[in-house]
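Colleague:
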Amino acid sequence: MVVRAPEREDAARLRTVSERYRTIFEHCNDGILILDPADERIVECNPQACSLLGYTRNELLQLRPADIHPHEIERLEAFVETVLEEGANFTSELSCYTRNGRVVPAEISASVVGHGDQRQVLASIRDISQRHEREVELRRQSQAMETAMDGIAILSTDETFVYVNHAYARMYGYDTPSDLIGCSWQRLYGDEQVNRLEWEALPELREVGSWRGESIGTRTDDSTFPQELTISMLEGGQMVLVVRDVSDQKQRENRLRSLSNVSKRLMHAETDQDVAEQAVKAVTAILGVEAACVQYYDGTTNTLDRVATTDAADALLAERPAYDFEATYAGRAFRSGTTVRNTVSADDPYERGETESSLHLPLDAYGTLSIVAPRKTFTDHQIRTAEVFAGTVTAALERATRESTLQAKEAAVRTQRDELDTLNRVNVLVRDLLEALVEAKSRQTIEETVCKGLVASALYQQAWIGSVDEVDETLTPRAAAGERADLVLNRGAVDWNAVNGGLVAEALDAGTTRVHRQYVATGMGAEDIGIESGRLRAVAAVPLLSGKYPHGALVLSSSRAGVFGEQATAGLETLGGIVGYAIDALQRRDMLMTDAAVQLEFEIRGPTFFVQLSEELGCRCVYEGGTPFESGQVKHHVRIEGAMAADVLRLAAEADEVIECVLRHEHEHECHVTVVVDQSPPEVLVESGAVLRSIVAEDGVARLVAEAPHTADIRAIVDAIQSRYIDAELVAKRDRISQPRAAFRGDVAETLTSRQREIAEAVFEAGYYEWPREQTAEEIAESLGIASSTLHQHLRKAEQTLFAVFVGADDTSTADGS
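Numbering (this note's numbering), first residue to last: 947 to 1764.
1) So Leu1502 is in the beta strand (DSSP E); what residue range does that whole segment cover?
2) Leaving out five residues before and five after Tyr1495 in sequence, what residues of the same chain have Cβ atoms less than 7 Å from its Cβ?
3) Considering only C-alpha positions, which residue in the set Leu998, Ile970, Leu999 and Leu1006 is nearest to Arg987?
4) Apart from the five residues just before and just after Cys1607, which ones in its own chain have a Cβ nearer than 7 Å to its Cβ?
5) Mapping the DSSP letters down to three states, classify Arg1569 as helix, strand or coil.
6) How big is the Cα-Cα spacing for Leu1650 and Asp1681?
7) Which residue wins for smallest C-alpha separation from Ser1505, given the options Val1401, Asn1436 and Ala1531?
8) In this structure, does DSSP put Met1117 in helix, strand or coil?
9) Short of 6 Å in beta carbon distance, which residues of its chain neighbour Ile980, apart from the five on each side in sequence? Order them along the chain.
10) What is the rounded straight-line gap between the Cα of Asp1455 and the Cα of Pro1423?
11) Could you please give the first and the last residue of the uninterrupted alpha helix (DSSP H) stretch that includes Thr1247?
12) Just verifying my parser: in three-state terms, what is the DSSP assignment at Ala1723?
13) Pull the bridge partners of Asn1796 from the DSSP assignment, please.
14) Relative to the C-alpha of Ile1100, which candidate in Leu1022, Glu1083 and Leu1187 has its C-alpha closest?
15) Asn1288 bridges to which residues according to DSSP?
16) Arg1345 to Gly1337, Cα distance in whole Å?
17) Where Arg1460 and Ala1409 are concerned, what is the direct C-alpha to C-alpha distance, given to the nearest angstrom?
18) Give the range of the beta strand (DSSP E) segment to which Pro1628 is assigned.
19) Note down the Cα distance separating Val1414 from Ala1311, rounded to an integer number of angstroms.
20) Could you check which residue in Asp1167, Ala1591, Thr1395 and Asp1013 has the C-alpha nearest to that of Ile1529?
21) By how many angstroms is the C-alpha of Asp1257 removed from the C-alpha of Gly1234?
22) Here's a check: name, in chain order, each residue in its chain whose Cβ is nearer than 6 Å to the Cβ of Asp1244, leaving out the five neighbours to either side.
23) What do you get for Ala1261, buried or exposed, if any count of 16 or more other CB atoms within 10 angstroms of its CB means buried?
24) Comparing C-alpha positions only, which one of Asp1645, Lys1679, Ile1672 and Asp1673 sits nearest to Ala905?
25) Taking C-alpha atoms, which residue in Val1664, Gly1552 and Gly1731 lies nearest to Gly1646?
26) Please report how far the alpha carbon of Gln994 lies from the alpha carbon of Ala984, in whole angstroms.
27) Nearest to Pro1308 by alpha carbon, out of Leu998, Thr1274 and Arg1010?
28) Along the chain, where does the beta strand (DSSP E) that runs through Ala1598 open and close?
29) Quick check on the DSSP output: the alpha helix (DSSP H) that includes Leu1263 runs from which residue to which?
30) As a quick exercise: from Ala1744, Leu1491 and Ala1453, pick the residue whose alpha carbon is nearest that of Glu1707.
31) For Glu965, which residues of its own chain have a beta-carbon under 8 Å away from its beta-carbon, when the five flanking residues on both sides are left out?
32) Compute the distance between the beta-carbons of Val1049 and Ser1055, then report whether it is under 9 Å.
33) Just to confirm before moving on: does the CB-CB distance between Ala1658 and Val1544 stay below 9 Å?
34) By the DSSP assignment, the alpha helix (DSSP H) with Leu1433 in it spans what residues?
35) Just checking, does the segment 1705 to 1719 make contact with the segment 1581 to 1595 on the three C-beta pairs under 8 Å criterion?
What follows is the structure, given as structure tokens:
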């Protein structure tokens, strides 16, 4: 067979075209399927279709078209039928199921290929998921814009409206947004505003992309309204306008501005009448009403008398019964001191046939301000504004009253000057007293220094300090200066609830300074507080505290104005705290330095942790010292003999008073614990001026031994322990004489072996206890010709003996155990 050249050329061109279409088919961005509608199968697919649907090519060719649209089979069949009938079709209403079950929104474009009975359908599938999501978001944004309270509009590049929400249209008086579509924005503004926006807003908008400011819009009825306007530039040159009507805000601002201006004028009114006349004029302008009336209270006739009214108020009052103190709303406002609001309905046969609202505001003790608004009601903002204005009128009346006499004006100036001078002098006085307290050697010196210094300042007529007995609730004067100081000192212990009307008791209970101003008249107990009758006095009670423990109270009296002002009182309270601290420090110093002390022994029974522990476990609890921490807590070290640690920790966990209990170490039938309890005996004793020497709990009884200097308040110490432990009993009180230094050295010498003493002296002389050490233990041992371990053994036993004698342990023994 011979093939002619033209036929060969046609075949070559056909292959080229076929390859070209195959390339397009394989590399098209859309997924393409070729369907056989007769057999309902997929005969070909491109890679993008496989990727979109999640199948391999072989898997996809095994499917039917209905497998990709299982949820829309009827719609698919109708779509294919239309394609076969019309040759092509397009839809965005079909979505595809992928292999993993995800539904993909799609646009499908299909056409018929082939002819006769060999017709097939070529379907192009485009994933429109992202576009679908954008459309949903746009619909959401559009809905938000439509329902927004602010007006929102969009301008095209020719500055005409292409979108307007309902709020924007209503704001300018239009019924529907479509009334503005295609119109210029300039239609909504007067010429002056148009020029301002073109010169001010649009240049900035083009430069930075946005502008925000205030403008004035014009409604369809030519009325105007103030607005906040925000303009933003979109890509492509469109503009978004957001408008907020600020009419109410501006109205409030104008009212407040008017109120401020009126307040200034009122405060310059010379008389009560001037205040009333200016008030009725001002309130009508501020609230936009016509009828207002000011009435002053006449105490002689018990009535409210009109002193200033507007013309509209005169006309209204002529038609109605006059207000009187007993029956009117104004009278009720005056008596109650609160705003009275009344609304009269048109249905009331006794009224004028129209709605009417009235406000009646008290002007303190001066009278009332009444405001009447026919045919309208008052808004909440108007009521608040009226109440503020009434307060301003009251302030103006008060000022006019103060200005009525020159004497009152001068007295106020003198008082202010006196208070400032007093504050400065109080500060200087407190500073000087603090310096003097540093040199004080006894509590009596401290108390006398404070009293004399306070009275010498000329700020106070009398100052005295008393010690407290918390059990009997009495105050015993210890030092006094100023008026009738001798009378105060000779009174002895007095009930603190009776001193200055209970002021001292109140100060001690609260732990802070209390002040009372009173006029002491003859026959009212003036002598009982040690001051003259018939004079105005301010009295202050200042607690002298050390922590929570009261050492006493400082009582001051003065006739100077402002002497007990807030800042001056704070200075006195600081002084009281330092005096309490100084007294406490002296007691501690006496305890450390004195050779003689009072030893107190208590028996404590009842529900306390270590007492119950000793009874329940049959053990012996010995207090070995405490360690204070910055938090204010004290960790107490306790040795427990004859009990297992597990039992101790279990009972500690069940005890309410135990905050923390930690096992330090345990030996056979003995353990050492660290315990934190609320208000432990050492803490109670320290606060009351004593120190703890020992506590041993055994067989349900604790024996507590404390020591205090002879200068301490022994009654207060006993009261403190018995207040903390209800079942505590003082069983012994004895004097203790401290050993002199020589005796102490003798005791130490008697308990040391000669070898221990030799090694202790050698170590000391070698500078072992210096810092830094001059010689190490190894070097000293070598010089003595002994092993380092032997030196450490002798040295530890010598140190143990020394400390045992120092703390007064009863079971000291020689280092050899004898």
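No residue lacks a Cβ here, since even glycine has one placed at the ideal position from N, Cα and C.
Modeller: Looking at the atomic coordinates:
1) For Leu1502, the enclosing beta strand (DSSP E) starts and ends at Tyr1495 to Ser1504.
2) Within the same chain, and ignoring the five residues on either side of Tyr1495 in sequence, the residues whose Cβ sits closer than 7 Å to its Cβ are Glu1633 and Ser1634.
3) The residue with the shortest Cα to Cα distance from Arg987 is Leu1006.
4) Within the same chain, Cβ atoms closer than 7 Å to the Cβ of Cys1607 are found at Leu1595, Ala1598, Val1619 and Val1621, the five residues on either side in sequence being excluded.
5) Before going further, note that residue 1569 is Tyr rather than Arg in the sequence given. Reduced to three states, the DSSP call for Tyr1569 is strand.
6) Distance between the alpha carbons of Leu1650 and Asp1681: 16 Å.
7) Nearest of Val1401, Asn1436 and Ala1531 to Ser1505, Cα basis: Val1401.
8) Met1117 carries a helical assignment under DSSP once its states are collapsed to helix, strand and coil.
9) Taken in chain order, the residues that qualify are Val989, Glu990, Gln1066 and Leu1068.
10) If I take the Cα positions, the gap works out to 19 Å.
11) From DSSP, Thr1247 is part of no alpha helix (DSSP H); its letter is neither H nor E.
12) In the structure shown, Ala1723 sits in a helix (DSSP, three-state: H, G or I).
13) With the chain covering only 947 through 1764, there is no way to say anything about residue 1796.
14) Among Leu1022, Glu1083 and Leu1187, the Cα nearest to that of Ile1100 is on Leu1187.
15) Asn1288 pairs with Ser1304.
16) Roughly 12 Å separates the two Cα atoms.
17) Roughly 15 Å separates the two Cα atoms.
18) Judged by DSSP secondary structure, Pro1628 falls outside any beta strand (DSSP E) and instead within the alpha helix (DSSP H) spanning Pro1627 to Glu1633.
19) Near 46 Å, if we compare the C-alpha coordinates of Ala1311 and Val1414.
20) Closest option to Ile1529, Cα to Cα, is Thr1395.
21) Going by the C-alpha atoms only, they are around 15 Å apart.
22) For Asp1244, where only same-chain residues beyond five positions count, the Cβ hits under 6 Å are Asp1251.
23) Counting the other Cβ atoms within 10 Å of the Cβ of Ala1261 gives fewer than 16, which makes it exposed.
24) The question about residue 905 has no answer here: the residues shown for the chain are numbered 947 through 1764.
25) Out of Val1664, Gly1552 and Gly1731, Gly1552 has the C-alpha closest to the C-alpha of Gly1646.
26) Ala984 has its alpha-carbon roughly 25 Å from the corresponding atom of Gln994.
27) Distance from the Cα of Pro1308 is smallest, within the candidate group Leu998, Thr1274 and Arg1010, for Thr1274.
28) Counting along the chain, Ala1598 falls outside any beta strand (DSSP E), though it belongs to the alpha helix (DSSP H) covering Ala1591 to Glu1600.
29) Following the DSSP letters along the chain, one finds Leu1263 inside the alpha helix (DSSP H) bounded by residues Asp1257 to Glu1265.
30) It is Ala1744.
31) Counting only residues of its own chain and dropping the five nearest sequence neighbours on each side, Glu965 has no CB closer than 8 Å to any other CB.
32) Going by C-beta atoms, Val1049 is not nearer than 9 Å to Ser1055.
33) Yes, the pair counts as a contact, with Cβ atoms nearer than the cut-off.
34) Taken as a continuous stretch (DSSP letters only), the alpha helix (DSSP H) holding Leu1433 covers Ala1431 to Leu1435.
35) Result no; under three Cβ-Cβ pairs closer than 8 Å.
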